[in-house]
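Trainee:
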Amino acid sequence: MKKTSKYISAGHPPDSIVFIGDKKMDKPEMVLYKLGNGFQSENIESVSMLKKEIDTGNIHWLHCNGVSDVDMLKELGNLYKIHPLILADIANTEHSPKIEFLGEQIFLEIRAISYNEQSSEIDSEQVSFILGGNYLLSFLEKDNNCFKSIIERYSSNVSKSTPSPGFIIYSLFDSIVDSYYQILEKIGEDIEEVEDVILAKPTPAELERIHIIKRNLIFMRKAIWPLREIIRRLEVEGADLLDTASGLYIRDLYEHIIQIIDTVETQRELIAEILDVYLSSVSYKLNEIMRVLTVISTIFMPLTFISSIYGMNFKFMPELDWRLSYPIVMITMFVLGLGMLYLFRKKGWFYELRIKN
Amino acid sequence: MKKTSKYISAGHPPDSIVFIGDKKMDKPEMVLYKLGNGFQSENIESVSMLKKEIDTGNIHWLHCNGVSDVDMLKELGNLYKIHPLILADIANTEHSPKIEFLGEQIFLEIRAISYNEQSSEIDSEQVSFILGGNYLLSFLEKDNNCFKSIIERYSSNVSKSTPSPGFIIYSLFDSIVDSYYQILEKIGEDIEEVEDVILAKPTPAELERIHIIKRNLIFMRKAIWPLREIIRRLEVEGADLLDTASGLYIRDLYEHIIQIIDTVETQRELIAEILDVYLSSVSYKLNEIMRVLTVISTIFMPLTFISSIYGMNFKFMPELDWRLSYPIVMITMFVLGLGMLYLFRKKGWFYELRIKN
Amino acid sequence: MKKTSKYISAGHPPDSIVFIGDKKMDKPEMVLYKLGNGFQSENIESVSMLKKEIDTGNIHWLHCNGVSDVDMLKELGNLYKIHPLILADIANTEHSPKIEFLGEQIFLEIRAISYNEQSSEIDSEQVSFILGGNYLLSFLEKDNNCFKSIIERYSSNVSKSTPSPGFIIYSLFDSIVDSYYQILEKIGEDIEEVEDVILAKPTPAELERIHIIKRNLIFMRKAIWPLREIIRRLEVEGADLLDTASGLYIRDLYEHIIQIIDTVETQRELIAEILDVYLSSVSYKLNEIMRVLTVISTIFMPLTFISSIYGMNFKFMPELDWRLSYPIVMITMFVLGLGMLYLFRKKGWFYELRIKN
Amino acid sequence: MKKTSKYISAGHPPDSIVFIGDKKMDKPEMVLYKLGNGFQSENIESVSMLKKEIDTGNIHWLHCNGVSDVDMLKELGNLYKIHPLILADIANTEHSPKIEFLGEQIFLEIRAISYNEQSSEIDSEQVSFILGGNYLLSFLEKDNNCFKSIIERYSSNVSKSTPSPGFIIYSLFDSIVDSYYQILEKIGEDIEEVEDVILAKPTPAELERIHIIKRNLIFMRKAIWPLREIIRRLEVEGADLLDTASGLYIRDLYEHIIQIIDTVETQRELIAEILDVYLSSVSYKLNEIMRVLTVISTIFMPLTFISSIYGMNFKFMPELDWRLSYPIVMITMFVLGLGMLYLFRKKGWFYELRIKN
Amino acid sequence: MKKTSKYISAGHPPDSIVFIGDKKMDKPEMVLYKLGNGFQSENIESVSMLKKEIDTGNIHWLHCNGVSDVDMLKELGNLYKIHPLILADIANTEHSPKIEFLGEQIFLEIRAISYNEQSSEIDSEQVSFILGGNYLLSFLEKDNNCFKSIIERYSSNVSKSTPSPGFIIYSLFDSIVDSYYQILEKIGEDIEEVEDVILAKPTPAELERIHIIKRNLIFMRKAIWPLREIIRRLEVEGADLLDTASGLYIRDLYEHIIQIIDTVETQRELIAEILDVYLSSVSYKLNEIMRVLTVISTIFMPLTFISSIYGMNFKFMPELDWRLSYPIVMITMFVLGLGMLYLFRKKGWFYELRIKN
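Protein chains in written order, with the numbering used here: chain A, 1 to 357; chain B, 358 to 714; chain C, 715 to 1071; chain D, 1072 to 1428; chain E, 1429 to 1785.
#1: DSSP three-state call for D:I1331: helix, strand or coil?
#2: Should E:M1768 be flagged as near chain D, meaning a C-beta pair shorter than 9 Å?
#3: From the DSSP output, in three-state form, read off E:W1489 for me.
#4: Which runs of the alpha helix (DSSP H) spanning at least 4 residues fall entirely within the stretch 1169-1257 of chain D, listed in chain order?
#5: If we define contact as Cβ-Cβ less than 9 Å, is C:K928 a contact residue for chain D?
#6: Roughly how many whole angstroms lie between the Cα atoms of E:S1548 and D:S1112?
#7: Below 8 Å on the Cβ atoms is my guess for D:E1100 versus D:G1148; work out the distance and round it to an integer in Å.
#8: Does any C-beta atom of chain B lie closer than 9 Å to the C-beta of A:G348?
#9: Report the neighbours of C:R1005 on chain D: residues whose CB is nearer than 8 Å to its CB, in chain order.
#10: Please work out which residues of its chain come closer than 6 Å, Cβ to Cβ, to A:R209, disregarding the five sequence neighbours upstream and downstream, and give them in chain order.
#11: Taking the DSSP output, what are the residues bridged to E:L1460?
#12: For D:I1091, does the three-state DSSP call read helix, strand or coil?
#13: Given B:L627, which residues of its chain have a CB within under 7 Å of its CB, disregarding the five upstream and five downstream residues?
#14: Since A:V282 meets chain E, which of its residues come closer than 9 Å, beta carbon to beta carbon?
#15: Going by other Cβ atoms of all chains shown within 10 Å of its Cβ, with 16 needed for buried, is C:F1049 buried or exposed?
#16: Just how far apart, CA to CA, sit B:S485 and B:W582?
#17: So, using beta-carbon positions, are E:I1482 and E:H1488 closer together than 9 Å?
#18: Between the stretch 910-927 of chain C and chain D, which residues of the former have CB atoms less than 7 Å from a CB of the latter, in chain order?
#19: What separation, rounded to the nearest whole angstrom, lies between the Cα atoms of B:I663 and C:S1011?
#20: Apply the 10 Å Cβ neighbour rule to A:Q259 and answer buried if 16 or more other Cβ atoms are within range, or exposed otherwise.
#21: Using the three-state DSSP reduction, which class does B:N449 fall into: helix, strand or coil?
#22: Inspect the CB distances between the stretch 1208-1227 of chain D and the stretch 1299-1307 of chain D and report whether three or more fall short of 8 Å.
#23: Is the beta carbon of A:M25 less than 9 Å from the beta carbon of A:V47?
#24: Consult DSSP for E:P1630 and reduce its assignment to one of helix, strand or coil.
#25: By the three-class DSSP mapping on this structure, what secondary structure does A:L270 have?
#26: Is D:H1134 close to chain C, meaning its C-beta is less than 9 Å from at least one C-beta of that chain?
#27: For A:V177 versus A:I257, is the C-beta distance shorter than 9 Å?
#28: Would you mind reading off the limits of the alpha helix (DSSP H) that contains E:I1482?
#29: Does the Cβ-Cβ distance between A:L343 and E:T1722 come in under 9 Å?
#30: May I ask you to report which of helix, strand or coil DSSP gives B:M647?
#31: Can you pull out the residues from the stretch 1722-1744 of chain E whose beta carbon lies closer than 7 Å to at least one beta carbon of chain A?
#32: Applying a beta-carbon distance threshold of less than 7 Å, which residues of chain B neighbour A:D262?
#33: May I ask which residues mark the beginning and end of the alpha helix (DSSP H) holding B:K431?
#34: Using a Cβ-Cβ cut-off of 9 Å, state whether E:I1448 counts as contacting chain A.
#35: Given a cut-off of 9 Å, decide if A:R221 and E:E1840 are closer than it, judged by their beta-carbon atoms.
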């Protein structure tokens, strides 16, 4: 999961900008959305193309797919006067969610999460926003569904008034938070499937699924936990900037996060509880297996011993010549076998074996 | 348990109203209770019928069974000026409990819990309230006993003065909280039954019951935990609106919640403790079983080996021709067997087997 | 343990007074102690007898054994102007400890705990106090040693000045808290006994004792935990009313509670730790048992196989006719057996078996 | 560990002074150190001898070894005007650490801990201080090394100015805290020894050592945890009285306590982790043992069965008379045995057995 | 890990300076860096050489490798007026991280951590800073890579303005924090390797690796946890002194620490989870092994018993003489064996064995 190197960072000055993470796109793509007037989009090939847009003073949203091109980040940093430490955070794609209020700018970094159906694992991707007076910059590691749907909605919906940069952040944030629900639902389904199988017939395949679910929940938690504090600070310090009519929208987001955190914790408890059930039922089955073995051994070992006695070849074994020896020995062994069975039944072993089967 | 789809929500604008949950009723039913004057009830077929009631300015309580009809919710929202985010919360029946103070309105959402006797599982249902100046709106997923008994009490009790909308909320809240006690009592009985069986004779059926109890407690906790904060806020910000003579009623509710939370936690500890006992006793029984097997094997394997030696068909085995060989071998084997038993008894294995049985 | 029904409560109006709990006395007994002048006691048959005492305005203490008579509670409530919710709390004997400051009255509810020597379980009993201007009401579920000894002390001790109602509460509270120490000491002794046995020779009986100790500690904690907050509030809001010369007495009580809570937590850790030791030693013993079985099987199975080969009845088995076959086979088997033993000893299995015994 | 009786305390008035604990000294010894003028010591036989010293108004330190003589405590209490509750705390040697600011007096109670090399267990002893205007009283359960070395230092060191009572408390407190380090170091060594043995060859003796270490850490924690709060209060409320030039000394003490608490917690985590390793390795070894048994049984049971078939004495068994039967059966059995081995090797069982040995 | 003695410290006066730790260097080395003017370095042989540098009043940085020479520390203490308690902290190399604001001086102590590739264990080293008006003192236990690279950067980079002492501390602190990432990455790789192996084929070697990883994480946590509070205090009280243009740098450091703490916690959860998987899979494998043994025993024990019956040598066993006895017995045994197999297959044992293999 972490194949990139933070080694490079160590030893460098603190504000050196180094890309950290998996390079998911060859070349970053930039799209400029002009917000002042409708919702016009324009592909940006080089940072220099942006200069004139900024000079117009129009409200715009610059969206970048891919953050591995450090030079481009530096150019953007010069253009928009972004602090080098912020650029370093954007380039470090393994950063935890954070928010920073920097005079004229708000810097926001969260993680979008997606569920990989094949491996049942979750991938996470860093999403960074810089909100200035009349511009919004957004950075993705690679293309993302949440963004696509929001952009489509705005593009197609000409009738509505153009959204402000603050409201775009809010919408994207809300959309990413909504996507967490989907993943929790997937994980919830996984948990229920595992639960059903484990109570019926536990196999080690289930064990591996439990392992993956637990790991997913650990990563979910790491991504979501800091959002509570971020949204609280947004509410206190940045509600105006997000341009939501009232605090209700932010509080709604806050509640969703709380609810997601609750669900993650509940799922963690459930899966831990299911593992307990798994272990208990494996323990119980071991007892059942050993009971079968012990019953069989306890019955047949003494019997085999008796018959082996009369298989000895001593010349002087008077019983061998008696007429009734054979039936007597057979009956003795039969009674002995039945007696053992009776003892085990009295001990309750047999009963349990029967109801279990 | 969660078969509905939050997928629909993701991608939609944040304040779009989408029903989330199990559709428990085909068509919502609305009943209007006129509070100004006695306690008259009237079935409402369509939202438009309410218009004139509102215009009269009389105090009334509108109760809806079923929230799956999103259009109806929107109409009500227009009529009572309810914020779309609040309507979205009402329609999302898997929302955690919350309270929201919205200028003229208080929005309260809690969960009613019922115990399914057949499956021993608990079901939960969302209950939403909107309290305005002279109206109370309440929304249920489906019909509910707590509501029925409260309504019956008010309907039959003409002598008493008509309750205020605030007091109705308080009464319903109190009644729902009282119903939690019943469920905790049921779970408490389950725990005691499981405890008794597990100390006597643990079976895997007990394991499944423990699993269900633990899951129920996890869900209980999720529903109840947020109530503490909600009631605290009600006490601080909304006591007047609930129209209770003094803060004593709210504090009483608060204490009940604290007590319920304590009981849930105690029951969680108890059931965890019982699972520990189960596992320990299964471990112990395994040792006991293996001791039986080992005693039997250790006694009969060497004996069978000895008798198999004299079952060999070599021509030149002088012992076979001796007169006393047979009795000597028999006595040797007898002494060997007794010696083994003595060793095991000295090791304490036998003693434990005896007292255990 | 909980055989009474909170069902009755659900559905009733919040301030209906319903007895909840085990009925420990048929008929409540009331005793009036006149505090203004010596320490005179008087048995009270009916609430009406109290009327004239109240009218005199003398300071008095009314003590009730038994709270199952709801009518009597209501009469007392009318006489002393007690809020119905408080009466409901008194009648609900499964309430958690609480304190309530109600203008002229302080309502205090704690739990007295006693240790049942036969079952090694702990019983708890609710103790309620209402302290008014010149009266003290106390309610017990049934007679209690702490109360007896306090009353005896006051009765016999004429020389000392009569105690104030506040100081009586303090003395009773202190006496109940002191009784917690006794129970912790009992539990501490139980833990030490279990600890000694478990390190020597673990049996399932110990497991049941551990179970009972853990359950007792869970119940202790539930009864004691809320006292910390109650005493803190007493110190802040009610120190004057308790009529203790300085805050030192209350702080002393507070420290005792802290110390008791610490001891309960320490005992919980100890007993959890002892269960770990039990499980580990059961695991170890299983290994030891299986080693015995495996050593025996590994030595005798191959030997028995060899001897069974020469027990076959084929006509053409040249070895059977050789003179030296028998001694060669015997020596081979002897060497094989010794070789096995040597291998196990080298593996360290034997050594451990020896030192263990 | 707790053989004394708190029963006596229950029932007594709250401020009755009762000795609780193990009586470690027959008769308390008192030594008076005059601080005003050098560091002169004087043995005190009876409390009355102190009267004239107090009347002189000179600064002095009275040190008592042994607190079991309640009458002496009461006399001291009268002489120095000590509150009965404080005397009760001094006589109760199982009290948790505490600090009390009482107008003119500071009362401080901590626990000195020593390590018993024979039993590897820790003993703890109560140390109480009362600091008044010009006097310091200290109480030990029995003689203690920390005190001895401090007294020797002051006695021998005439050149230095005489220490103030406050600085003596600080020095003794610091010396006791330093002694905690020694014990943690001992426990740390125990942990490392256990760790080394457990990874090599776990035996139940290790299990008992782990048990003792865990119990020691539980007791350490109970003694040390409250010191954090005590020192914090000393810094805030009592720094002047301790007569340390700056707050640096108190903060140094505070940091040491924090570091000791950290180390205790780290050691608890380490020892819990080591127990996990123990259990896992015991589990693994069980698997290994069972594999040996299963391989042996699976190979020899079918072979023995085959040979037992040809050991049957039926008259009409044509194979018995064939010339090649014997070699064919032998080769068949040999091939079967090899086949089994091959299967187990393919399953990986053999490989693991080999590398393990 | 802790072979040095804190015994020496106990009994000494609190501010006595005693070296505690492993002596990693024979003789401390001191280097003086003159910051006023370029970045000139000078080796310092004795403390007296520093006197004239201080008298010049120039800004300088004195760096010491090695703190075992207590006399040198005392001389430095006299020269720079360092409090004896601070010198004691510097000499005690097992001190937890701390920060102290002392009028003119800031004292900062953190731990540098390095990863030992051979043993997979982590070593930690104490780093102390004293920042005065125009000087910076730094103390290392032995040479350290973080320091080397920072010094090289400043030495080679003449163009840039000379760094202030405060900025040097910040750079070194930042560099040490960056090095934590590297170690976490190493541990993360270890965890992934262990995870992969454990799901495929668990061996006890993995168990030991898990043990080392867990211990490393425990030590990491102990070193890193206090940094959060230290940096928070630096931000509040010492931001100016560190001479960073804005609070952004300190906040960046703070966030890195938070992220490192998060990662440590996540890794602790992951490794605990992996151990659970290990134990569960060992449990499962035991069941599988025991199933093989039980199937084999249950099939062959009864069969061997039957054949042993007809190996008895009784004279009067009519079956022995019948023509069809042998084929009948053989067929019976064959059918019995198949029946057993069928039963086990019905029980599901066989199926699991097959898919597992």
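The C-beta atom is built at its ideal place from N, Cα and C for all residues, glycine as well. Quick caveat: nothing in here was measured; it's all calculated off a predicted structure.
Mentor: Result, derived from the coordinates:
#1: Numbered from 1 along the fourth sequence, position 260 holds the residue referred to as residue 1331 of chain D. Reduced to three states, the DSSP call for D:I1331 is helix.
#2: Counting from one through the fifth sequence, the residue named residue 1768 of chain E turns up at place 340. Not an interface residue.
#3: Counted from its first residue, the fifth sequence places residue 1489 of chain E at position 61. Note: E:W1489 maps to strand in three-state DSSP.
#4: With a minimum length of 4 residues, the continuous alpha helix (DSSP H) runs that stay inside the stretch 1169-1257 of chain D are 1216-1227.
#5: Taking the first residue of the third sequence as 1, we reach residue 928 of chain C at position 214. No, C:K928 does not count as interfacial toward chain D.
#6: As a first step, residue 1548 of chain E is located in the fifth sequence; it is residue number 120 there, counting from the start. As a first step, residue 1112 of chain D is located in the fourth sequence; it is residue number 41 there, counting from the start. Cα to Cα, the separation comes out at about 58 Å.
#7: Start at 1 with the first residue of the fourth sequence, and residue 1100 of chain D comes out as number 29. Start at 1 with the first residue of the fourth sequence, and residue 1148 of chain D comes out as number 77. The Cβ separation is near 18 Å, so there is no contact.
#8: If you number the first sequence from 1, residue 348 of chain A lands on position 348. Chain B contact via Cβ: present.
#9: The residue given as residue 1005 of chain C occupies position 291 in the third sequence. Near C:R1005 (Cβ distances below 8 Å), the residues of chain D are I1360.
#10: The residue labelled residue 209 of chain A in the question sits at position 209 within the first sequence. Taken in chain order, the residues that qualify are V194.
#11: Position 32 of the fifth sequence holds residue 1460 of chain E. Bridge partners of E:L1460: E:E1470, E:L1490.
#12: Within the fourth sequence, the letter at position 20 stands for residue 1091 of chain D. Reduced to three states, the DSSP call for D:I1091 is strand.
#13: On the second sequence, residue 627 of chain B is found 270 positions in, with the first residue counted as 1. Same-chain partners within the cutoff: I548.
#14: Residue mapping note: residue 282 of chain A aligns to position 282 of the first sequence, counting from 1. Simply S1708, S1711, Y1712, L1714, N1715.
#15: The residue you call residue 1049 of chain C lines up with position 335 of the third sequence. Looking at the sequence itself, residue 1049 of chain C is Val, so the reference to Phe does not match. It is exposed - the Cβ of C:V1049 has fewer than 16 other Cβ atoms within 10 Å.
#16: For the purposes of this step, residue 485 of chain B is taken as residue 128 along the second sequence, with counting starting at 1. For the purposes of this step, residue 582 of chain B is taken as residue 225 along the second sequence, with counting starting at 1. Each residue's alpha carbon lies about 17 Å from the other.
#17: Locating residue 1482 of chain E in the fifth sequence gives position 54, counting from the first residue. Locating residue 1488 of chain E in the fifth sequence gives position 60, counting from the first residue. The answer is yes: Cβ separation under 9 Å.
#18: For the stretch 910-927 of chain C, which is checked against every Cβ of chain D, the residues closer than 7 Å are L913.
#19: Within the second sequence, residue 663 of chain B is the residue found at index 306, counting from 1. Within the third sequence, residue 1011 of chain C is the residue found at index 297, counting from 1. Their Cα atoms are separated by approximately 14 Å.
#20: To locate residue 259 of chain A, count along the first sequence from 1; it is residue 259. By the neighbour-count rule (16 or more Cβ atoms within 10 Å), A:Q259 is buried.
#21: Here the question's residue 449 of chain B lines up with position 92 in the second sequence. Correct three-state label for B:N449: strand.
#22: By the criterion of at least three beta-carbon pairs nearer than 8 Å, the stretch 1208-1227 of chain D is not in contact with the stretch 1299-1307 of chain D.
#23: As a working note, residue 25 of chain A is residue 25 in the first sequence. As a working note, residue 47 of chain A is residue 47 in the first sequence. The answer is no: Cβ separation not under 9 Å.
#24: Translated into the one-based positions of the fifth sequence, residue 1630 of chain E becomes position 202. Look at E:P1630 here: in three-state DSSP terms it is coil, with no helix or strand label.
#25: The count along the first sequence starts at 1 and reaches residue 270 of chain A at position 270. Reduced to three states, the DSSP call for A:L270 is helix.
#26: Reading the fourth sequence from its first residue, position 63 is the one you call residue 1134 of chain D. Closer than 9 Å to the CB of D:H1134 there is not a single CB belonging to chain C.
#27: Translated into positions along the first sequence, residue 177 of chain A becomes position 177. Translated into positions along the first sequence, residue 257 of chain A becomes position 257. A:I257 sits close to A:V177, with the two beta carbons spaced by under 9 Å.
#28: Within the fifth sequence, numbered from 1, the residue matching residue 1482 of chain E stands at position 54. Taken as a continuous stretch (DSSP letters only), the alpha helix (DSSP H) holding E:I1482 covers 1478-1484.
#29: Counting from one through the first sequence, the residue named residue 343 of chain A turns up at place 343. Counting from one through the fifth sequence, the residue named residue 1722 of chain E turns up at place 294. No.
#30: Your numbering for residue 647 of chain B matches position 290 in the second sequence. Looking at B:M647 - three-state DSSP - the assignment turns out to be helix.
#31: When CB distances to chain A are screened at a threshold of 7 Å, the residues of the stretch 1722-1744 of chain E falling below it are T1722, S1725, T1726, M1729, P1730, T1732, F1733, S1736, I1737, G1739, M1740, N1741, F1742, K1743, F1744, in chain order.
#32: As a working mapping, residue 262 of chain A is identified with position 262 in the first sequence. Going along chain B in sequence order, the residues near A:D262 (Cβ under 7 Å) are S453, K579.
#33: The sequence position of residue 431 of chain B within the second sequence is 74, counting from 1. Counted as a single uninterrupted DSSP element, the alpha helix (DSSP H) harbouring B:K431 occupies residues 427-437.
#34: Start at 1 with the first residue of the fifth sequence, and residue 1448 of chain E comes out as number 20. Put simply, the CB of E:I1448 is far from chain A, with every gap to its CB atoms at 9 Å or more.
#35: The structure shown does not extend to residue 1840 of chain E, since chain E spans only 1429 to 1785, so no value can be given for it.
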